[in-house]
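A.B. asks: Counting in my numbering, the sequence shown runs from 61 upward without gaps.
We put the CB at the ideal spot given by N, CA and C, even for glycine.
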Amino acid sequence: MNQLQRVDPLYEQIYKNVEQSILEGRFSPGERLIDTKIASEFGVSRGPVREAFRKLEQDGLIINSDGIVTVFTPSLQDALELYQVRMGLESVAVYWAAKNINNEKLVQLKQFLDMTQEAINAKRMDKVVCLNTQFHESIITFSRNNRLKIMMYNIRALIQLCRNTIIKQYNRSDSFLSEHYAVFEAIQSRNPELAAKRMEQHIQNDMAHFKEFYFYKNEESSIIN
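Written out as structure tokens, the structure reads:
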């Protein structure tokens, strides 16, 4: 982690750094976060770290259980609820994006997909995660629906955590990218109904992979125990 600069409050800088580390997978779901260690890495006292932890807990990204802080691990019910929200909001977003998008924005979306393929080939999963997020968030922006953007922003961190966990842990790289290309082709054709249908299917596939992985891990754990 980098040393902090005194621009934003220290706790806000730590919050942003730790949030990014969680969302990009440098801190894994269930991993314990120790305030003294993080304070040492940033060169600060424990006070700003604890304040950052409180904000991350409000976002739902960490769990504080009697002083033991761990990264939130999405349960099956957590994931299903988030996927239901995603399915509704992102299907609406891509519908309006397909209606409103211009050629310049289409080029931008295509670049995200091509760069994602390059990152997959290079086994740069950190970059895959980042580009995946950019693709989804760009579609939200291109919908030109500010209310939708606000609603998505309020749950963006938990959605991103679930989405990125799926890509990294469920080996969804090839299949999720082909689904992204299918969504892009519908947008490019200015077919909002097809774009919404393909986005909904994409999110349903994510949900299915999460459920498969969830039950597999539980079965594996029960065998070990």
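Secondary structure at Asn-160, three-state DSSP: helix, strand or coil?
C.D. replies: The answer is helix: DSSP assigns Asn-160 an H, G or I state.
A.B. asks: Taking DSSP's pairing of strands, which residues face Arg-92 in a bridge?
C.D. replies: Looking at the DSSP assignment, Arg-92 forms a beta bridge with Thr-130.
A.B. asks: Do Phe-195 and His-240 come within 9 angstroms of each other at the CB atom, strictly closer than that value?
C.D. replies: For His-240 and Phe-195, yes; Cβs fall inside 9 angstroms.
A.B. asks: Please report the straight-line C-alpha distance between Val-145 and Pro-108, rounded to a whole angstrom.
C.D. replies: In a straight line, the C-alpha of Val-145 is about 33 angstroms away from that of Pro-108.
A.B. asks: Would you mind stating whether Ile-82 and Val-129 have Cβ atoms separated by less than 9 angstroms?
C.D. replies: In this structure, Val-129 does not lie closer than 9 angstroms to Ile-82 by Cβ.
A.B. asks: Give a yes or no on contact between the stretch 142-162 and the stretch 92-106, applying the rule of three or more CB pairs nearer than 8 angstroms.
C.D. replies: The answer is no - the stretch 92-106 does not touch the stretch 142-162, with fewer than three Cβ pairs under 8 angstroms.
A.B. asks: Alpha carbon to alpha carbon, how far is Glu-178 from Val-243?
C.D. replies: Cα-Cα distance, rounded: 19 angstroms.
A.B. asks: In chain order, what residues of the same chain have a beta carbon less than 7 angstroms from the beta carbon of Met-175, not counting five sequence neighbours either side?
C.D. replies: Cβ neighbours of Met-175 beyond the five flanking positions: Leu-191.
A.B. asks: Look at the Cβ atom of Ala-112, then the Cβ atom of Glu-141, and state whether they are nearer than 9 angstroms.
C.D. replies: No, the Cβ-Cβ distance between Ala-112 and Glu-141 is not below 9 angstroms.
A.B. asks: Measure from the alpha carbon of Glu-84 to the alpha carbon of each residue in Arg-258, Ile-219, Phe-273, then state which is nearest.
C.D. replies: Nearest option by C-alpha distance: Ile-219.
A.B. asks: Helix, strand or coil for Asn-205 per DSSP?
C.D. replies: If DSSP states are grouped into helix, strand and coil, Asn-205 belongs with coil.
A.B. asks: Could you pull the start and end residues of the alpha helix (DSSP H) that Asn-77 belongs to?
C.D. replies: 70-83 is the span of the alpha helix (DSSP H), which, as asked, contains Asn-77.
A.B. asks: Name, in chain order, the residues that DSSP records as bridge partners for Ser-125.
C.D. replies: Per DSSP, Ile-128.
A.B. asks: Could you tell me which of Ser-151, Phe-236, Leu-121, Lys-183 sits nearest to Ile-200, measuring between CA atoms?
C.D. replies: Ranking the options by Cα distance to Ile-200, first place goes to Ser-151.
A.B. asks: Secondary structure at Asn-285, three-state DSSP: helix, strand or coil?
C.D. replies: Low confidence applies to Asn-285: its pLDDT is 49, below 50, so where it sits in the model is not reliable, and the reading given next is rough at best. Note: Asn-285 maps to coil in three-state DSSP.
A.B. asks: Are three or more beta carbon pairs between the stretch 150-166 and the stretch 115-122 nearer than 8 angstroms?
C.D. replies: Because the criterion of three Cβ pairs below 8 angstroms is not met, the stretch 150-166 and the stretch 115-122 do not touch.
A.B. asks: At the level of alpha carbons, what is the spacing between Pro-69 and Asp-186?
C.D. replies: Spanning the two alpha carbons is a distance of roughly 27 angstroms.
A.B. asks: In whole angstroms, what is the alpha-carbon distance linking Tyr-274 and Lys-159?
C.D. replies: Near 37 angstroms, if we compare the C-alpha coordinates of Lys-159 and Tyr-274.
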